[in-house]
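Colleague: The following block contains the structure, expressed as structure tokens.
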Amino acid sequence: KKALNACSKGFKSVAVSDNFYPRPEDKRVYEVLTGRNRQQRTKPMHILNEWEFRAAVKWCPEEAIANTYEISKQCSANLPSAQMVRYKTTKTLEAMCKTGAKKLGVDLKNPEYSKRIKRELGLIKEKQFEDYFFVIADMVEYARKHMLVGPARGSAAGSLVCYLLEITNVDPVKHNLLFERFIDITREDLPDIDIDFQDDRREMVFEYLRNKYGAEKVAHLGTVSRYKAKSTITEVAKELGIPLWEVNDLKGAIIERSSGDSRAAFCILDTFNELDVGKQILEKYPQIKIAAEMENHARHSGVHAAGIIVTEDPVHNYCSVSNYGGSAQIDKYDAEKLNLLKIDALGLRTLSILQDVLDQIGWAREKLINCPLDDKKAFAILNDEKYAGIFQFEGYALQSVTRQMKVYNFEDIAVITALARPGPLNSGGTTEFIKRHTGEAPPEYLHPLTKEITEVTKGVVVYQEQVMQIGRHVGKLSWEDISQLRKAMSRSLGQEFFDRYFEKFKIGAEENGIEESEAKYIWDHINTMGSWA
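In my numbering, the protein residues as written are 1174 to 1706.
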């Protein structure tokens, strides 16, 4: 009756079905996912095809079915690529860098600095990234006037431009950091700058961006939470009435894979098929196999705490925006594909505490930033195991490494934070480094060609930069391949992903006079860094 009434008023009818899951066989999974396994519903709940629709609906005009097909033809999932935010300024990036160099006491006439800044500015101009740096520099400049801002995080520390614009406080030339880790010279996507702000004042930064560029042009990124293997087993067991103690052994034995593995979303299924504990639980409770279908399924959406996008045109031109919280309905990977300017503004409690202490003792923020990096009293704090409140050093892994090797200079602090990552820890690199550091074992190098690259870490591959340099100079990999390896290390993509590049590495190594067995030896040592470095 409602349809007839609408049609009589000039509205066109469309044939649609009220669906809750795609296929009939998805019903049981849906019931477990939603906890509605006791729900009684007589009408179909899956997406109906035309013939099912005709059978389920007693009366439907042919026009309604034709309109459904017509609408489907018009649907398109193509989203526009974003235009970079235009920053209004009369200054050039080069001029701003020269001003920053004068303020920081950097001699740009020095051949090393001159060559570096020329290369960075040339690549930034070539890729038309100038406005990106203007936006970030302006935002950080505002923040530094109102709060403590982190000195640098991640790959941005490898940029001299970032240092001269005071986006970071780290001189990459002095610390031998690679610009190529920051900007991928083979791709056009924007670089990624992670910035730490006080967690109690970070909202001021978001508010500044909204006021400067317009509220409709600034939005938080969304997130999609997915069902992980172990938690899925727990939820399915609860819903199906399986005692949780019965699945504890199964959860402990779950096959774990890195996100880059081709079977990363099939850990539960492979555990059922390959392990005795999986086969046993499946034999006793066949219905638990539903968990394998749920793994990696989208669970719920949310708002990214740190990720924010700034656009030249309103955000809703590129994606939908949630009424709740005003977040963009895309994640960071989608934002990269759409060329959206993405800023990671991380809230760090440590910075809030430090600012509170500075206020109490009457220190300006600049005094803390300018503290010398060779203060032996600072090293003594770590050597005396006074770790409380020190960023990252409150973790067990870093404390354990620090106790074993002690801190004598700034490089030791840097290497400890790297050695405590899963890559070096799991590969045995951390243990080997400590032996060489304490004099228990002499430095050893994978090959004469890797000596200069790994001399600072006594022959052990510790840093992402070292993996990149070995791949480039020893295996003659392209910058595109090097960039993929770097991202594999950052995103824990694992060994399977890494091994795709061995053939190319082997060919390049042969050109350097390195036999396949030697190349494989070198490759295995940089490959073990792939879990997370």
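Built from N, CA and C at the ideal position, the CB exists for glycine as well. The model shown is predicted, which means the values in this text are computed figures rather than measured ones.
Locate the beta strand (DSSP E) running through Val1488, then write down its first and last residues.
Modeller: For Val1488, there is no enclosing beta strand (DSSP E), since its DSSP letter is neither H nor E.
Colleague: Do Thr1396 and Gly1475 have their CB atoms nearer than 8 Å?
Modeller: yes
Colleague: Name the DSSP beta bridge partners of Gly1331, please?
Modeller: None, per the DSSP bridge assignment.
Colleague: Could you pull the DSSP bridge partners for Leu1531 from this structure?
Modeller: Paired residues: none, contrary to the question.
Colleague: Identify, in the order they occur along the chain, each residue of the same chain with its Cβ nearer than 7 Å to the Cβ of Asn1192, setting aside the five sequence neighbours on each side.
Modeller: Met1218, His1219, Ile1220
Colleague: Give the DSSP bridge partners of Ser1245, in chain order.
Modeller: In the DSSP assignment, Ser1245 forms no beta bridge with any residue.
Colleague: Quick test of the definition: if touching needs 3 or more C-beta pairs under 8 Å, does the region 1545-1553 touch the region 1504-1519?
Modeller: no
Colleague: May I ask you to list the residues that DSSP assigns as paired with Phe1370?
Modeller: Val1322, Gly1520
Colleague: So, does the region 1417-1427 touch the region 1335-1347, judging by three or more C-beta pairs under 8 Å?
Modeller: no
Colleague: Starting from Leu1592, trace the alpha helix (DSSP H) in both directions and tell me its first and last residue.
Modeller: 1583-1592
Colleague: Can you grab the Cα-Cα spacing for the pair Tyr1260 / Asp1529, in whole Å?
Modeller: 34 Å
Colleague: Should the region 1308-1324 be regarded as contacting the region 1515-1529, the criterion being three or more beta carbon pairs within less than 8 Å?
Modeller: yes
Colleague: Thinking C-alpha only, which one of Asp1365, Arg1538, Val1629 is nearest Ile1482?
Modeller: Asp1365
Colleague: Rank Asp1367, Cys1335, Asn1342 by C-alpha distance to the C-alpha of Phe1352 and give the top, closest one.
Modeller: The shortest C-alpha separation from Phe1352 is found at Cys1335.
Colleague: Going along the chain, which residues of its own chain have a beta-carbon closer than 7 Å to the beta-carbon of Pro1234, five neighbours each way excluded?
Modeller: Cβ neighbours of Pro1234 beyond the five flanking positions: Ser1186.
Colleague: Counting Cβ pairs, one atom from each stretch, are 3 or more of them under 8 Å apart for the region 1369-1376 and the region 1445-1456?
Modeller: no
Colleague: In the DSSP assignment, find the beta strand (DSSP E) that holds Ser1690 and state where it starts and stops.
Modeller: Ser1690 -> not in any beta strand (DSSP E); alpha helix (DSSP H) instead, spanning 1689-1700.
Colleague: Could you check the C-alpha separation between Lys1608 and Ile1589 for me, to the nearest Å?
Modeller: 14 Å
Colleague: Rounded to the nearest angstrom, what separates Thr1441 and Ala1471 at their Cα positions?
Modeller: Reading off the sequence, residue 1441 comes out as Ile, not Thr. Their Cα atoms are separated by approximately 16 Å.
Colleague: Grab the span of the alpha helix (DSSP H) containing Val1450 for me, first residue to last.
Modeller: 1449-1457
Colleague: Would you identify the three-state DSSP class for His1477, choosing helix, strand or coil?
Modeller: strand
Colleague: When the Cα atoms are used, what is the spatial distance from Gly1295 to Val1279?
Modeller: 19 Å
Colleague: Where do the ends of the beta strand (DSSP E) carrying Arg1399 lie?
Modeller: 1391-1399
Colleague: When burial is assigned at 16 or more other CB atoms within 10 Å of the CB, is Ser1287 buried or exposed?
Modeller: exposed
Colleague: So Thr1627 and Tyr1618 are supposed to be a Cβ contact under 8 Å. How far apart are they, rounded?
Modeller: 6 Å
Colleague: Kindly indicate the opening and closing residues of the alpha helix (DSSP H) around Glu1353.
Modeller: Segment: none, Glu1353 is in no alpha helix (DSSP H) and carries neither H nor E.
Colleague: Provide the residue span of the alpha helix (DSSP H) that contains Thr1604, from first to last.
Modeller: 1602-1610
Colleague: Any idea what DSSP makes of Ile1463, helix, strand or coil?
Modeller: Helix.
Colleague: Return the Cβ separation of Ile1542 and Asn1342 in integer angstroms, given the expectation that the two are a contact with Cβ distance under 8 Å.
Modeller: 6 Å
Colleague: CB-CB under 6 Å to Thr1444, same chain, minus the five flanking residues each way: which ones, in chain order?
Modeller: Ile1427, Ile1428, Gly1451
Colleague: Return the first residue and the last residue of the alpha helix (DSSP H) that Gly1208 is part of.
Modeller: No alpha helix (DSSP H) contains Gly1208, which DSSP labels as neither H nor E.
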